[in-house]
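Residue numbers (this note's numbering): 3 to 994.
Glycine is no exception: its CB is placed at the ideal position from the N, C-alpha and C atoms.
Remember, predicted model here, so these are calculated numbers, not experimental data.
Please read the structure below before turning to the comments.
Take a look at the structure:
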């Protein structure tokens, strides 16, 4: 039979998943991609053509300040890593060479930018989920148009292109290389350098587009940051490559060099900061000039912007403007879904501007046709509100004076772009509403069960079993009802599909039995136990500034959550208890404060934040001090765990073997892995030695993971006790008279060391197995934080135990019956004030281990701990443990609130209700945060910062709830049931 605790938390996990899915589908909608194809039958494309073919070189993450048309000055902030274009190309031939600062639409990830560059369309926020494997592009693109001419596309580099365009790149003129090996700085670049030149020189009439996509600059940014000497070497390599490429291309070939996106100060990307969205573009023609007219263009169609730190403004374009520009320069139709506008300078070749006018008219006409087709599609209602404005802009562009049509045509194109940017942040209020409803009902049902378990009668097992059985029955009935109701609802509600209605009805129906069986009562006692830290934490999401500074707010809440315990400590009846309560409170607060010294700054916190998790704000390497403190932390954490267990003599049995040997070795191995990674990243050694370092640290990580997952769990499962049981023969008294051997009697005296913490100590060992796995997946500074978090957790457990001793002692002094006092001592009524510090500690550890609820803070290098390339499921597992390990560990640790320092005799009353209550309490905390972040994201969906602040915070809240649920599920289903079973058998045998 499936244990009731497992069934309860499986239900909770499934309901949370349904609520998150429904809300996400309503909040993050996908853009509709039209499959229409553009044609030149009615367009004079050929008259604008200047070249027969194009070579597009993408230097991944080439930021605008990484490129220059003149040698950098020594005083330049980036003088040591500038990609310097040949001066004879940029200065001596001003009409053949152009440099632009291009805005790359977020999310600034490679796959989404390739989509934008080839189709001219905009990504949606949810598209970032495809970064690890996108589906083939079916909408019209530059590659589709090249293929339509009967020519091939030459390709070398990032294999993301092959997944997006398998039909056009699956031939013998393609050389794809793995794109996710961040630690390999050279293979892809060397492949592009080795193959691209020879491919474009062979049969130039057979191909129309050549693509070279190097990854070295991007990988260098991720590994060591933009200011490391390795970056200088990579850019110099690109310099040499481009110089050579310019020599071999002919006069009929257009050269385009660009970055698909930029990178932030630490070398990461994915978000929408200026450094991430500012990508460099260089366009060069060896033959025909790209511009010829000396007449200046209007300032409103050639905007300038000032890059951060730059002394002067520079010409600014949208990155998707490259698509219509390249298409017309090659004599091709502009792909149908394009929203970019042609770059005016490249078509301004005559005094009267006829070429530019023609190009802009073709561009505007293409965009108008696209908008019209989109309006007639299934998503056409999205354009209804904006259509009058778009139509007015179109009419203005058609009625402009013949001598100055530029501004109105460009204005219409940009109006269409801005309109569609806002459209693809469309929301389904119906799905948002039902998603919030499911999350809210899960909270009410969880709280009802939480209060029921606190006041459970002797037959709580039977009652909960009946409730869970009804949940299953009601859920099944809800699924059927949803299937029957959907045909009616779809006539009145748009965008809600069959499966949306079915899973919503099932989730709602399954929640009702738990809510109705134990309806929570609101009274004076309830108001006294209002979780103030949780309320304050949830209210943070109502303000963008509070959300930005959540890492500091959580540290404050974490410390202040101990106020009720400290107040009890001052009134404790004995000096020993006063010292323990106040001492462990101080230890907890000191650990929390030290954890706050590790910071990773999000963009909005600058300049009021200093990065300490890394060696600098422009590096992804750990600081030097962590190289010393991380090994110390790896040795101190097991020692402190043993020291705490030794107080109750629980450092025997399994703990005496596992903690000093297996656990310590696992932590040291995890630290050694990142020390080797630090040496490897610096590239001080040769390639051969670096190869051995890569092999050695991968082997260390793999062996550690295997030993702890299989060996550690198996060893724990076989003997999950931390007891030392000794039997000694004791001669008893004999009858009167002279004793004889036959008259003497003996009794067996049993001594049990570790008795006082028989339940908590083996479960702590179980928890430490998963701590070692998270330790391995956490960088050096984060390992120090994990060590401090472990000390804080144990300090909190000892603090809670001391508070219970105070309550038991007070009860004993006021109780007339000793049996009542003893019963009170073994009863574990877990309160929310005991749960809140663990939940807050999880969020605090998340920030301290180098994370923020933003996409750029994801530590992608952790995907390569077990394998040198992205490999399912190992890469996903290590990224999960790195990012959400603190939340998983918090859910896993929640049963300790009920198990810690709990003796097995007399048999503890209400053990499992207390364990379930502790797990529900932690899950409730994060469920409320999920509801608050989702509600605020929905309420601020038109806020300027919705995609920068509120949406990412909701996404991390959703993921953290899942991590918490899984942690509680694993802890109760495996840890608690095995410990309870084994301890019960041992003491039944001892009693016998």
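- Between residue 443 and residue 513 the beta-carbon gap is near 4 Å, inside 8 Å, which marks them as a contact.
- Every alpha helix (DSSP H) stretch that sits fully inside the region 739-805 and reaches 4 residues is listed by chain position as 762-778.
- Judged by DSSP secondary structure, residue 666 falls within the alpha helix (DSSP H) whose first and last residues are 666-684.
- Between the alpha carbons of residue 471 and residue 478 lies a distance of about 11 Å.
- Take the alpha-carbon of residue 208 and the one of residue 692: they are about 41 Å apart.
- Under the 8 Å Cβ criterion, the region 781-798 counts as touching the region 580-593, having at least three qualifying pairs.
- Sorting 972, 286, 953 by C-alpha distance to the C-alpha of residue 771 places 972 at the top.
- A Cβ-Cβ contact shorter than 9 Å links residue 294 with residue 352.
- Under the rule that a run must span 4 or more residues, the alpha helix (DSSP H) segments found entirely inside the region 886-933 read 898-901.
- Remark: three or more beta-carbon pairs, one from each stretch, lie closer than 8 Å, so the region 910-919 and the region 6-25 are flagged as touching.
- Just so you know, the alpha carbons of residue 389 and residue 401 end up roughly 18 Å apart.
- In the three-state scheme derived from DSSP, where H, G and I count as helix and E and B as strand, residue 154 is classed as strand.
- Residues of the same chain with a CB within less than 8 Å of the CB of residue 629, apart from the 5 flanking positions on each side, are 677, 680, 782 in chain order.
- Excluding five sequence positions before and after residue 703, the CB atoms of its chain that fall closer than 7 Å to its own CB belong to 675, 778, 867, 868, given in chain order.
- For residue 713, no alpha helix (DSSP H) encloses it, and the DSSP letter there is neither H nor E.
- Residue 496 counts as exposed, since fewer than 16 other beta carbons sit within 10 angstroms of its beta carbon.
- If the five residues before and after residue 798 are omitted, its C-beta is found closer than 6 Å to the C-beta atoms of 590, 839, all from its own chain and listed in chain order.
- CA-CA distance, residue 891 to residue 432, rounds to 35 Å.
- For the set 760, 535, 850, 473, the Cα lying nearest the Cα of residue 14 is the one of 473.
- Every unbroken stretch of the alpha helix (DSSP H) spanning 4 or more residues and falling wholly within the region 437-494 is given here in chain order: 462-491.
- Contact annotation: residue 198 and residue 59 have beta-carbon atoms nearer than 9 Å.
- Rounded to the nearest whole angstrom, the C-alpha separation of residue 634 and residue 183 is 31 Å.
- By the Cβ-count criterion, residue 720 is exposed, with fewer than 16 other Cβ atoms from all chains shown falling within 10 Å of its own Cβ.
- Fewer than three Cβ pairs drawn from the region 46-58 and the region 461-471 lie within less than 8 Å of each other, which leaves the two stretches out of contact.
- The three-state reading of DSSP puts residue 809 in helix, counting H, G and I together.
- Rounded to the nearest angstrom, the Cβ distance from residue 506 to residue 440 is 6 Å, consistent with a contact under 8 Å.
- Under the three-state reduction of DSSP, residue 307 is assigned to strand.
- Runs of the alpha helix (DSSP H) spanning 4 or more residues and lying entirely within the region 164-221 occur at 168-171, 189-203, in chain order.
- Contact between the region 539-546 and the region 948-958 is present: three or more C-beta pairs spanning the two stretches fall below 8 Å.
- Just so you know, the alpha carbons of residue 25 and residue 605 end up roughly 27 Å apart.
- Closest in C-alpha terms to residue 423, from the list 285, 124, 276, comes 124.
- By the Cβ criterion, the region 312-327 is in contact with the region 339-349, since at least three pairs of Cβ atoms, one from each stretch, lie closer than 8 Å.
- Pairwise C-beta distances place the region 32-41 out of contact with the region 241-253, as fewer than three of them are shorter than 8 Å.
- Under DSSP, the beta-bridge partners assigned to residue 726 are 755.
- Going by DSSP, residue 60 is part of the beta strand (DSSP E) stretching over 55-61.
- In terms of CA proximity to residue 922, 897 leads the group 603, 901, 932, 897.
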